[in-house]
């Protein structure tokens, strides 16, 4: 979270201000009303996905032994789905609910009448999305371990990778949301951005199977880096340099997103 | 400027205060001061610049030009400090539909850095003050308009503000809800809270405001107490004459004008009636009869702020 907190509070070097923690408190207060649903969904979704795709579909994939190193399909796909799920939740949370706070319910405007500022709102809600990604990923990890779908204990580090990936999506999407006047743009964003990423970022099959000219596209998407990093940890096949590059790429996208959000939030909320 | 000389330092001080959005000027160089303990009103038609002015005072909208201080502080540099001492009732309710009535107040208290315990104590007290204790645990959505408004007022008081900004606090409410709100605002005023409000209800301005300014097209066009404004811009009484259309020849405006001439200092002819601004309505009515006018109905009433308002801002509809 240190990367995320960097300069968020408007004072250089400050890790998220105390005021932005109040915004996080707000989101936790809302969360408190429905936390049991979160837990149930957070455990059942991974279970269904892993059983259907990892075990069910995996039966056929494994028969061909076509994955690199003869890795079982369940083990291959589990860390990828963990990251993907965090990404999906983060993308959603930084679109519609943020638009609601800006435009539909205008609760941001109520908060701006207190000592809170626009950047506190950005930082606080980003922390909330990070918190939610952490919770979802931990639950996913529980299911992975329960199904025996991880080869290495390093799989626990797939959780911070997933959270960083979530923030690499949340920050730029929040920045984008602050430029929108309704949710029309979100449909395009999900249809042409998020869903293709979900399918083609090496989640279900190695990107080396994509046509050559498409592969560079995968490298520049943050999801690819999140999936690759989490997978290398879960399979115990860590290459330090590659892992560093993946993490750095995610952190860079998150930092750029935050920088953009600082501009668009101010522009939208301080008029 | 010292903090402990409230008489010398107005709570709000504006000189040449200007707000522009691109090429559109919303507030065009207005001057005003609001003293401690005062109830100060901004009157004006839609689009006159009231809300923009309030948002600048509330430090949520940057000042384009001119000077503004609130509590003697510059909003550009001390926004958070100013907001810590302000209560704001915005035009839209901006309540949190995901939280209960009580939680709406609790978290707002947290935004002001109150402890949870203190926030809870004040929230309960305030729910009592606005008569919403029984709805504490309900969601916000099913509340009536008046209840939501009361909740917003309670929310604005959680930090025990010394200055309360209210932007059209009673728009859209039924008479019962309005009177309840007025009563609560009056009590706050008696406790020494300075009120600063916008409204386009003249009765509200007369009820609540010690002093007000009338805004029109981004400028202040008049300033004073409700009584002063009535004395200055209209007469003590207004005689309203209605004529039958078609039957009576006096329906014709040329005839009418001729016969009412010299009757009063100002006569205004509307599609459905004629307003005669005069110190003595009864006398003017008698004179009209002597001159042979036979109106269908005659009404003598005291002049109100509404007459001032219409005189200053015109009768054409502002959209």
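Protein chains in written order, with my numbering: chain U, 30 to 300; chain R, 451 to 769.
All C-beta atoms, glycine included, are put in the ideal place defined by N, C-alpha and C.
Residue i and residue j closer than 8 Å at C-beta
{"i": "residue 638 (chain R)", "j": "residue 658 (chain R)", "result": "no"}
{"i": "residue 686 (chain R)", "j": "residue 753 (chain R)", "result": "yes"}
{"i": "residue 231 (chain U)", "j": "residue 109 (chain U)", "result": "yes"}
{"i": "residue 736 (chain R)", "j": "residue 726 (chain R)", "result": "no"}
{"i": "residue 482 (chain R)", "j": "residue 464 (chain R)", "result": "yes"}
{"i": "residue 601 (chain R)", "j": "residue 554 (chain R)", "result": "yes"}
{"i": "residue 480 (chain R)", "j": "residue 462 (chain R)", "result": "no"}
{"i": "residue 225 (chain U)", "j": "residue 285 (chain U)", "result": "no"}
{"i": "residue 691 (chain R)", "j": "residue 750 (chain R)", "result": "no"}
{"i": "residue 87 (chain U)", "j": "residue 101 (chain U)", "result": "yes"}
{"i": "residue 588 (chain R)", "j": "residue 551 (chain R)", "result": "yes"}
{"i": "residue 111 (chain U)", "j": "residue 170 (chain U)", "result": "yes"}
{"i": "residue 611 (chain R)", "j": "residue 643 (chain R)", "result": "yes"}
{"i": "residue 294 (chain U)", "j": "residue 207 (chain U)", "result": "yes"}
{"i": "residue 613 (chain R)", "j": "residue 535 (chain R)", "result": "yes"}
{"i": "residue 679 (chain R)", "j": "residue 672 (chain R)", "result": "yes"}
{"i": "residue 756 (chain R)", "j": "residue 597 (chain R)", "result": "no"}
{"i": "residue 544 (chain R)", "j": "residue 529 (chain R)", "result": "no"}
CB contact check: residue i to chain U, cutoff 8 Å
{"i": "residue 494 (chain R)", "result": "no"}
{"i": "residue 698 (chain R)", "result": "Here the model assigns residue 698 (chain R) a pLDDT of 48, short of 50, so the residue's position is not dependable, and the following value carries that caveat. Chain U, which has no Cβ nearer than 8 Å to the Cβ of residue 698 (chain R), makes this no."}
{"i": "residue 479 (chain R)", "result": "no"}
{"i": "residue 546 (chain R)", "result": "yes"}
{"i": "residue 643 (chain R)", "result": "no"}
{"i": "residue 599 (chain R)", "result": "no"}
{"i": "residue 540 (chain R)", "result": "yes"}
{"i": "residue 704 (chain R)", "result": "With a pLDDT of only 47 at residue 704 (chain R), under 50, the local geometry of the prediction cannot be trusted, and the value read off the model is given with reservation. Taking Cβ atoms only, chain U never reaches closer than 8 Å to residue 704 (chain R), which makes this a no."}
{"i": "residue 604 (chain R)", "result": "no"}
{"i": "residue 530 (chain R)", "result": "yes"}
Residue-chain proximity (residue i, chain R), Cβ-Cβ < 8 Å
{"i": "residue 293 (chain U)", "result": "no"}
{"i": "residue 55 (chain U)", "result": "yes"}
{"i": "residue 58 (chain U)", "result": "yes"}
{"i": "residue 300 (chain U)", "result": "yes"}
{"i": "residue 286 (chain U)", "result": "no"}
{"i": "residue 146 (chain U)", "result": "yes"}
{"i": "residue 297 (chain U)", "result": "no"}
{"i": "residue 92 (chain U)", "result": "no"}
{"i": "residue 51 (chain U)", "result": "yes"}
Other residues of its chain near residue i: CB distance less than 6 Å, five sequence neighbours each side excluded
{"i": "residue 179 (chain U)", "result": "173, 263"}
{"i": "residue 119 (chain U)", "result": "158, 162, 195, 198, 199"}
{"i": "residue 683 (chain R)", "result": "758, 761"}
{"i": "residue 282 (chain U)", "result": "197, 251"}
{"i": "residue 490 (chain R)", "result": "484, 646, 661"}
{"i": "residue 223 (chain U)", "result": "120"}
{"i": "residue 503 (chain R)", "result": "477"}
{"i": "residue 742 (chain R)", "result": "none"}
{"i": "residue 240 (chain U)", "result": "none"}
{"i": "residue 513 (chain R)", "result": "506"}
{"i": "residue 151 (chain U)", "result": "290, 294"}
{"i": "residue 187 (chain U)", "result": "108, 111, 259, 262, 263"}
Cut-off 7 Å between Cβ atoms - residues of its own chain near residue i, not counting five sequence neighbours on either side
{"i": "residue 279 (chain U)", "result": "193, 194, 197, 251, 254, 255"}
{"i": "residue 501 (chain R)", "result": "541, 617, 648"}
{"i": "residue 233 (chain U)", "result": "106"}
{"i": "residue 698 (chain R)", "result": "Here residue 698 (chain R) scores only 48 on pLDDT, less than 50, and its place in the model should not be relied on; the value that follows carries that caveat. For residue 698 (chain R), where only same-chain residues beyond five positions count, the Cβ hits under 7 Å are 744."}
{"i": "residue 185 (chain U)", "result": "170"}
{"i": "residue 583 (chain R)", "result": "577"}
{"i": "residue 531 (chain R)", "result": "523"}
Residues near residue i by beta carbon distance below 8 Å, same chain, minus five either side
{"i": "residue 212 (chain U)", "result": "124, 125, 128"}
{"i": "residue 51 (chain U)", "result": "145, 149, 153"}
{"i": "residue 622 (chain R)", "result": "595"}
{"i": "residue 631 (chain R)", "result": "596, 599, 600, 603, 619, 620, 623"}
{"i": "residue 71 (chain U)", "result": "164, 165, 168, 169"}
Nearest-angstrom beta carbon gap, residue j and residue i [assumed within contact, 8 Å]
{"i": "residue 561 (chain R)", "j": "residue 147 (chain U)", "result": "Contact doesn't hold; Cβ gap of about 14 Å is too wide."}
{"i": "residue 494 (chain R)", "j": "residue 665 (chain R)", "result": "4 Å"}
{"i": "residue 156 (chain U)", "j": "residue 290 (chain U)", "result": "That pair is no contact at about 13 Å."}
{"i": "residue 634 (chain R)", "j": "residue 603 (chain R)", "result": "6 Å"}
{"i": "residue 275 (chain U)", "j": "residue 557 (chain R)", "result": "With a Cβ gap of about 38 Å, residue 275 (chain U) and residue 557 (chain R) do not count as contacting."}
{"i": "residue 168 (chain U)", "j": "residue 82 (chain U)", "result": "Between residue 82 (chain U) and residue 168 (chain U) the Cβ distance is about 18 Å, and since that is not below 8 Å, they are no contact."}
{"i": "residue 259 (chain U)", "j": "residue 190 (chain U)", "result": "5 Å"}
Any chain B beta carbon closer than 8 Å to residue i
{"i": "residue 533 (chain R)", "result": "The question asks about chain B, but that chain is absent: this structure's protein chains are U and R."}
Q) At a Cβ cut of 8 Å, what residues of the region 133 to 144 of chain U count as close to chain R, listed as they run along the chain? A) 134, 135, 136, 138, 139, 140, 141, 142, 143, 144
Q | Under 9 Å (Cβ pairs) to chain R, residues found in the region 161 to 192 of chain U | A | none
Q) What residues from the region 550 to 565 of chain R come within 8 Å of chain U, judged by C-beta to C-beta, listed N to C? A) 553, 556, 557, 558, 560, 561, 562, 563
Q: For the region 496 to 512 of chain R, enumerate the residues whose C-beta is nearer than 7 Å to any C-beta of chain U, in chain order.
A: 508, 510, 511, 512
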